[in-house]
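Taking this note's numbering, the leading residue of the sequence shown gets 676, the next gets one more, and so forth. Below: the structure, in structure tokens.
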Amino acid sequence: MASHQLPPERVVEMMRENGFDQGEAQMSEDPDFAVAWVDANVTSYSYHGGANIRYVAVGNEPFLRTYTNTYLPFTLPALKNIQSALDRAGLSPHVKATVPFNADIYFSPDSAPFPSAADFRPDIRDATIEIVHFLRSNASPFTVNIYPFLSLYSNPFFPFDFAFFDGDNKSIRDGDFVYTNVFDANLDTLVWALRKIGCGDMEIVVGEVGWPTNGDEQHANMENARRFNQGLIRHVLSGDGTPARKGNRMDVYLFSLIDENLKRCFERHWGIFEFDGKPKYELDLKGSQENKGLVPVEGVQYMFKRWCVLNPHAHNLQDLPKSIDYACTMSDCTALGYGSSCNHLGVQGNASYAFNMYYQLQDQDSWDCDFSGLATVTHEDPSDDKCRFPVMIARHRPVVFHTTILGILIAVLEGCIVFLLLVS
């Protein structure tokens, strides 16, 4: 979900240069609509030399606790509609419908906080079991999104190093199994929950896992994102599996490829690439420990090199806080948050950053750099070595959200990097 999207052909070329090579899809609802959607978005691309579509994701985290079971009655019917459409199209042998669940649908009780004590959440247990059996009957995987970052974000007492793969925290023992990181512990909690309902051998796909680079003062930064993502890639490519599934290949999708400025707070900054396709940090995607940089998107077209900043000649600053608040509400000021990359700018710098983000999001329209005389356009880049004042990429075409790419993820699969396209 980005306001100014890179040209798809440029993104595809960048992905090829970095070794990403495969694809998927998503959607749901009534049977006729499902058939039409599958025909337009799956069948149309399933030809020799076309997209290698493996999964269709029906919804995303529909049983998330904060949704208060809003989607409980609709998820299985939607899944069945998509599966039926795939069957009718003759695609079901190699394209599987699945539902990406959030990891909060399973748990271990406080009295026994170990993976082996796991079960599905009581309020959605019956519905989840019904979906699990339907998925299994169609040889489809159970898909789950796991975010160790959120363990740190939501719990100040969570052991920091346990969120990563190279920490020296005290390990957790669960019978014969020893856990040194929360990712393995979380995934095996699902394994045990599936075992409890007689589906312990079911294929599991981690649909989303990653780390943000901005938006949280303590943990969302480049260093932690690189540490986690690099550790994850090496762990997956090692073939070690998890303690409960020793030696099993893990099918893991790294979220995400590019930042999305229309999301909220740190949700905007999960990409390993900036909004304009520039790599944020070094990442060895093949686990070969080569110091090889990621290849950026080439040929990006930017708007004019001009920025909107606080007018140095403005004297009446009474409305400045209100103007900053408005600019940030209508754009992305995540980087100004406490501990974030632009938090050091001071009041004047904060105003300039906020004004510029709004100005760029509005395609540099001159009337959007005024703020009652508080702002002015400059051709001198106000960025410093820590904080980048962006110039927005030029729109390559009108943004039509119902047909364009909404999100791109990357996956580590069988030693290769695979990408996932979510479309609507």
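Quick reminder that beta carbons are idealized off the backbone N, C-alpha and C, glycines included.
Is the Cβ-Cβ distance between Thr-1009 and Asn-889 less than 7 Å? yes
Please determine, among His-1054, Gln-993 and Ser-1006, the residue with the shortest C-alpha to C-alpha distance to Gln-1037. Ser-1006
With distances taken from CA atoms, which of Asn-756, Glu-898, Gly-842 and Phe-817 is nearest Met-925? Phe-817
Just grab the DSSP bridge partners of Val-884 for me. Leu-929
For Phe-824, collect the residues of the same chain with a Cβ closer than 6 Å to its Cβ; drop the 5 residues on either side in sequence, then sort them by chain order. Trp-886
Going by C-alpha distance, which of Val-774, Phe-852 and Asn-904 is nearest Asn-756? Val-774
I'd like to know if the stretch 1015 to 1030 and the stretch 953 to 961 are in contact, where contact means that at least 3 CB-CB pairs between them fall below 8 Å. no
Comparing C-alpha positions only, which one of Leu-761, Ile-728, Phe-738 and Leu-751 sits nearest to Ala-709? Leu-761
Kindly list the residues whose CB is nearer than 7 Å to the CB of Glu-736, restricted to its own chain and excluding five residues on each side of it in sequence; keep chain order. Pro-775, Phe-776, Asn-777 and Asn-820
For Lys-1061, name the three-state secondary structure that DSSP assigns. coil
Report the rounded CA-to-CA distance for Arg-939 versus Pro-788, giving the unit in angstroms. 31 Å
Asn-856 to Pro-918 span [Cα, whole Å]: 11 Å
Continuous beta strand (DSSP E) stretch holding Lys-845: start and end: Run containing Lys-845: none; DSSP gives neither H nor E here.
Tell me the rounded alpha-carbon separation between Glu-878 and Asp-714. 26 Å
To the nearest angstrom, how far is the alpha carbon of Gln-993 from that of Asp-1000? 13 Å
Those runs of the beta strand (DSSP E) which lie wholly inside the stretch 740 to 805 and span at least 3 residues: 771 to 773 and 775 to 777
If we ignore side chains and look at the alpha-carbon of each, how far apart do Ser-829 and Ala-895 end up? 13 Å
Where DSSP assigns a beta bridge to Trp-982, which residues make up the other side? Thr-1053
Apart from the five residues on each side of it in sequence, which residues of its chain come closer than 7 Å, Cβ to Cβ, to Tyr-742? none
Have a look at Arg-870, Gly-873 and Ser-846 and flag the residue whose alpha-carbon is nearest the alpha-carbon of Ala-860. Ser-846
For Ser-812, does the three-state DSSP call read helix, strand or coil? helix
Take Val-1052 as the anchor and find which of Tyr-1033, Val-770 and Leu-810 has the nearest alpha-carbon. Tyr-1033
If Val-984 and Phe-1030 are in contact, beta carbons under 8 Å, what's the gap, nearest whole angstrom? 6 Å
Reducing DSSP to helix, strand and coil, say where Val-970 ends up. coil
Alpha helix (DSSP H) segment containing Ala-900, residue limits: 897 to 913
Own chain partners of Gly-916 with C-beta closer than 7 Å, once the 5 adjacent residues on each side are dropped: Gly-922, Asn-923 and Met-925
Spatial neighbours of Val-853 within its chain, please: CB distance less than 8 Å, with the 5 preceding and 5 following residues excluded, ordered by chain position. Ser-846, Ile-847 and Pro-918
Residues near Leu-827 by beta carbon distance below 7 Å, same chain, minus five either side: Phe-833, Phe-835, Ala-838 and His-894
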